[in-house]
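Taken in sequence, the protein lines are chains A and B.
Numbered by the numbering used here, the letters in the first sequence go through residues 4 to 320 in order.
Numbered by the numbering used here, the letters in the second sequence go through residues 4 to 320 in order.
Glycine included, every Cβ here is placed at the ideal spot set by N, Cα and C.
See structure below.
Number of protein chains: 2
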Amino acid sequence: MKEFAIIEHYFKQKTLSRPDVTLGIGDDCALLNMPQHQLLALSIDTLVEGLHFPVTTSAYDIGYKSLAVNLSDLAAMGAEPAWFTLALTMPKADENWLQEFSQGLFQLAQEYNLQLIGGDTTRGPLTITIQIHGFIPEKHALRRSGAKAGDRIYVSGFLGDAGLGLQIALGKIKVKADDEAYLLQRLNRPNPRVKLGLLLRNFATSAIDISDGLLADLEHILIASEVGATIRTLLIPLSDELKRNTSADEALHLALTAGDDYELCFTVPSEKEEELLTALKKENITCYCIGEITQENVLVLQDYKNDLSVKLGFEQF
Amino acid sequence: MKEFAIIEHYFKQKTLSRPDVTLGIGDDCALLNMPQHQLLALSIDTLVEGLHFPVTTSAYDIGYKSLAVNLSDLAAMGAEPAWFTLALTMPKADENWLQEFSQGLFQLAQEYNLQLIGGDTTRGPLTITIQIHGFIPEKHALRRSGAKAGDRIYVSGFLGDAGLGLQIALGKIKVKADDEAYLLQRLNRPNPRVKLGLLLRNFATSAIDISDGLLADLEHILIASEVGATIRTLLIPLSDELKRNTSADEALHLALTAGDDYELCFTVPSEKEEELLTALKKENITCYCIGEITQENVLVLQDYKNDLSVKLGFEQF
Chain A
4 MKEFAIIEHY FKQKTLSRPD VTLGIGDDCA LLNMPQHQLL ALSIDTLVEG
54 LHFPVTTSAY DIGYKSLAVN LSDLAAMGAE PAWFTLALTM PKADENWLQE
104 FSQGLFQLAQ EYNLQLIGGD TTRGPLTITI QIHGFIPEKH ALRRSGAKAG
154 DRIYVSGFLG DAGLGLQIAL GKIKVKADDE AYLLQRLNRP NPRVKLGLLL
204 RNFATSAIDI SDGLLADLEH ILIASEVGAT IRTLLIPLSD ELKRNTSADE
254 ALHLALTAGD DYELCFTVPS EKEEELLTAL KKENITCYCI GEITQENVLV
304 LQDYKNDLSV KLGFEQF
Chain B
4 MKEFAIIEHY FKQKTLSRPD VTLGIGDDCA LLNMPQHQLL ALSIDTLVEG
54 LHFPVTTSAY DIGYKSLAVN LSDLAAMGAE PAWFTLALTM PKADENWLQE
104 FSQGLFQLAQ EYNLQLIGGD TTRGPLTITI QIHGFIPEKH ALRRSGAKAG
154 DRIYVSGFLG DAGLGLQIAL GKIKVKADDE AYLLQRLNRP NPRVKLGLLL
204 RNFATSAIDI SDGLLADLEH ILIASEVGAT IRTLLIPLSD ELKRNTSADE
254 ALHLALTAGD DYELCFTVPS EKEEELLTAL KKENITCYCI GEITQENVLV
304 LQDYKNDLSV KLGFEQF
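Have a look at this one:
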């Protein structure tokens, strides 16, 4: 296992050094100093080759995306990023692969002042597990359970791009070079909405990141909040790159179900909407209102061919 | 992925509920309340089937051991266990396997008042990653770097048992049924030395858990502390079960290099030794002095055929 010890040393050198890390990589445990009056927010996510990313994905993109999807969970909670751990299982210690993987990983880590504080490197099929840690004042946490009837439903950006990007990555469709570059970027380098999450602490009654598709993720909010929703499908933001390479039906289908976009979906009381829009404008962030929360436990999609009433999946367990 | 959602629900029901967990499984992040004036200690470990445990290992033992090796890291730091997360990758959702796995896992979790606060379940080759979290007052953390020349070196129990147990599990040797039961127990259900770790806060200058074998793990202490050591090999505690099923040479070899025993190795200043022994006796814990820390950067094994001087691996990176 000597080669794996070398790898760990290699990761250790690349990480930044935060003052709240009393002890980082290299002992039995990392030791961390929590700020007072804040909660620790944490999330763990695994990416398996061939399941969460195509086997053709570059090492750089795998490193980038592994951290991005975890940052997206912090964003959805409104938490401020702090530390992460990395459990990396790989078939062999390929120096080139590791060089690229760590570049992708640490580019994002540095952008968000995230320190790698520990990890484990083992031999096996390529699997990346990252646990991410952040801070949030207790009352400001954006849970899934706070949505109320009348709240406006927002999303933070174009949906469906990553779904079409995946079809391109798998060689199922061909599009023009510019569109391909954009759509693959959306698939492989999702932009975690951390800044938006922090801003939403003062406005949103609930939030989630869209990893499994708008319908599935919004449903989590509706179930946790015991409410329903009406979505106006014509309001769902779609990129030109998506629209010009698919039919209208297919574009909407991808936006609703494909996932992997890592935009935020959140709810805002109507009386706070104007203040939110002003704050968003000031920060140069665009969000899109796509519908509203309703009392009755159904999810209604309007403007989609005929009105379509989708039953909530309360029976999923 | 519906079957995997069911699994997560299944784990959620089995875990206990600690007052410091503001939000557990089921949102984008878990939210935790840290006690004041303590550091957060955390460690992440991955177990891969066929590498960290034989493919014949029972699901119960896999669950048990996955948590035990992580608890052992907290023990080696002197930390008090609190929460854990589980990233479980498995080829299919086999209800019987999950039932047994979770029983093994939660037996140990309950014993140590550990709450499962989050996780991720994905499809792929069987791989278990657990991150464990505990608390420790800053000045009491047992690092690897505090050993001083003259300190006594102790281990917390028999070494080499798990190494012989692995040979039995792999069908390489046969031993009597009673011995087999004991040695397999030592391999599959290591006893994390959490209570000892807490006690050592007041005594030890350094500590580590023996996962890779006494030589490799002691070497970590020596490198971090910039010291050497003399080990009297005749003092290394060996079980009767190990001794009667191997040659003396083989028993020592296993004790020094096989690992997987998860006993603690720690150093104590000679002036604190008597007080430690009294405290251990009171708690009914047996530990064994096996040598002492020296100034010169070499690790010397005494009483092993001829005196043997083993060079430290400072060049490992």
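According to DSSP, is residue i helix, strand or coil?
i                      : result
residue 148 of chain A : coil
residue 27 of chain A  : coil
residue 157 of chain A : strand
residue 256 of chain B : helix
residue 87 of chain B  : strand
residue 66 of chain B  : helix
residue 291 of chain B : strand
residue 131 of chain A : strand
residue 39 of chain A  : coil
residue 189 of chain A : helix
residue 109 of chain A : helix
residue 298 of chain A : coil
residue 44 of chain B  : strand
residue 52 of chain A  : strand
residue 75 of chain B  : helix
residue 352 of chain A : Missing from the structure shown is residue 352 of chain A; chain A here goes from 4 to 320 and no further.
residue 121 of chain B : strand
residue 104 of chain A : helix
residue 236 of chain B : helix
residue 269 of chain B : strand
residue 137 of chain B : strand
residue 230 of chain B : coil
residue 303 of chain A : strand
residue 19 of chain A  : coil
residue 173 of chain B : coil
residue 281 of chain A : helix
Can you give me the C-alpha to C-alpha distance between residue i and residue j, rounded to a whole angstrom?
i                      : j                      : result
residue 115 of chain A : residue 232 of chain B : 43 Å
residue 296 of chain A : residue 98 of chain A  : 51 Å
residue 291 of chain A : residue 207 of chain A : 14 Å
residue 293 of chain A : residue 109 of chain A : 35 Å
residue 189 of chain A : residue 65 of chain A  : 13 Å
residue 192 of chain A : residue 69 of chain A  : 9 Å
residue 256 of chain A : residue 164 of chain A : 11 Å
residue 229 of chain A : residue 151 of chain A : 9 Å
residue 44 of chain A  : residue 83 of chain A  : 9 Å
residue 26 of chain A  : residue 80 of chain B  : 11 Å
residue 220 of chain B : residue 284 of chain A : 56 Å
residue 236 of chain A : residue 274 of chain A : 23 Å
residue 264 of chain B : residue 243 of chain B : 16 Å
residue 54 of chain B  : residue 101 of chain B : 20 Å
residue 67 of chain A  : residue 30 of chain A  : 26 Å
residue 288 of chain B : residue 204 of chain B : 15 Å
residue 153 of chain B : residue 10 of chain B  : 52 Å
residue 36 of chain A  : residue 21 of chain A  : 10 Å
residue 136 of chain A : residue 175 of chain A : 37 Å
residue 32 of chain B  : residue 302 of chain B : 46 Å
Are the CB atoms of residue i and residue j nearer to each other than 7 Å?
i                      : j                      : result
residue 76 of chain B  : residue 46 of chain B  : yes
residue 282 of chain B : residue 202 of chain B : yes
residue 71 of chain B  : residue 195 of chain B : yes
residue 304 of chain A : residue 234 of chain A : yes
residue 167 of chain A : residue 216 of chain A : no
residue 94 of chain A  : residue 128 of chain B : no
residue 159 of chain B : residue 111 of chain B : no
residue 28 of chain A  : residue 91 of chain A  : no
residue 118 of chain A : residue 86 of chain A  : yes
residue 270 of chain A : residue 209 of chain A : yes
So, at 7 Å on beta carbons, what are the nonlocal neighbours of residue i in its own chain, with the 5 sequence-adjacent residues on each side left out?
i                      : result
residue 41 of chain A  : 138, 139 and 140
residue 248 of chain A : 167, 178 and 182
residue 149 of chain B : 208, 209 and 228
For residue i, which residues of its own chain have a beta-carbon under 8 Å away from its beta-carbon, when the five flanking residues on both sides are left out?
i                      : result
residue 223 of chain A : 147 and 211
residue 298 of chain B : 152, 230 and 231
residue 63 of chain B  : 103, 104, 106 and 107
residue 317 of chain B : Because the pLDDT of residue 317 of chain B is 44, which lies under 50, any placement of that residue in the model is unreliable, and the number read from its coordinates should be weighed accordingly. Around residue 317 of chain B: 226 and 300.
residue 13 of chain A  : 101 and 105
In chain order, what residues of the same chain have a beta carbon less than 6 Å from the beta carbon of residue i, not counting five sequence neighbours either side?
i                      : result
residue 51 of chain A  : 130
residue 238 of chain B : 293
Q: For the region 53 to 72 of chain B and the region 140 to 155 of chain B, state whether three or more C-beta atom pairs, one from each stretch, are separated by less than 8 Å.
A: Taking one beta carbon from each stretch, the region 53 to 72 of chain B and the region 140 to 155 of chain B have fewer than 3 pairs nearer than 8 Å; the two do not touch.
**Q.** Stretch pair the region 171 to 184 of chain A + the region 121 to 136 of chain A: three plus CB contacts closer than 8 Å
**A.** The region 171 to 184 of chain A vs the region 121 to 136 of chain A: no contact.
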